[in-house]
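Residue numbering for the sequence shown follows our numbering, beginning at 74 and increasing consecutively.
What follows is a short report on a single structure.
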Amino acid sequence: MAHPEQPLDQPLWDQVGQPLNRRHEPRMAVGSVLPVQLRFLPNGQPPGAWMTADILDISHGGMALLVPCLETTLVGEPLLLDVSQHPGFGAVRLPAVLRWSCPAGELGLLQLIGVQLDQPLPRVPPLVQSRK
Numbered sequence: 074m075a076h077p078e079q080p081l082d083q084p085l086w087d088q089v090g091q092p093l094n095r096r097h098e099p100r101m102a103v104g105s106v107l108p109v110q111l112r113f114l115p116n117g118q119p120p121g122a123w124m125t126a127d128i129l130d131i132s133h134g135g136m137a138l139l140v141p142c143l144e145t146t147l148v149g150e151p152l153l154l155d156v157s158q159h160p161g162f163g164a165v166r167l168p169a170v171l172r173w174s175c176p177a178g179e180l181g182l183l184q185l186i187g188v189q190l191d192q193p194l195p196r197v198p199p200l201v202q203s204r205k
């Protein structure tokens with residue numbers, strides 16, 4: 074059965090039964106690292122508030138993040154990532170676009186989102202580990 078947010082005309086599985094991965098770059102799990110901040114930049118409206126996002130995985134082209142549940146999510150909406158806690162990025166802020174979103178768990182408190190960076194990273198940076 075398709076995920077409620079997944080368009081019905083797009084397959085969820087490849088031909089050998091593996092989950093379909095639309096990323097062009099390999100994903101790298103990051104373990105327990107410091108979070109980033111993000112804010113949505115809706116067209117024609119003031120920027121949204123900054124929110125904390127936990128990095129779940131990263132690739133040259135984007136990240137999977139865990140965020141508090143969002144009231145509305147618009148795939149394709151521009152956003153800004155504050156990655157200042159991770160000097161390996163070589164930048165403080167990175168523009169990106171929301172590519173997908175789905176609920177995380179059954180309580181509706183958290184959400185998984187995928188973001189695509191406007192400019193792919195030349196290399197996946199080392200991330201600062203959390204002290205948790």
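Heads up, the beta-carbon is just placed ideally off N, CA and C, and yes, glycines get one too.
Fill in: Simplified DSSP assignment, three categories, for G135
G135 falls in the strand class under three-state DSSP.
Discussion item. If you measure between the beta carbons of I131 and A122, is that distance less than 9 Å?
Written reply: Contact: no.
Fill in: Residue range of the beta strand (DSSP E) that includes R112
Element bounds for R112: 109-113.
Worksheet item: Would you call A102 buried or exposed, if buried means 16 or more other Cβ atoms sit within 10 Å of its Cβ?
Response: Under this definition A102 is an exposed residue.
Discussion item. Measuring only the C-alpha atoms, how far is H133 from G178?
Written reply: Cα to Cα, H133 sits roughly 27 Å from G178.
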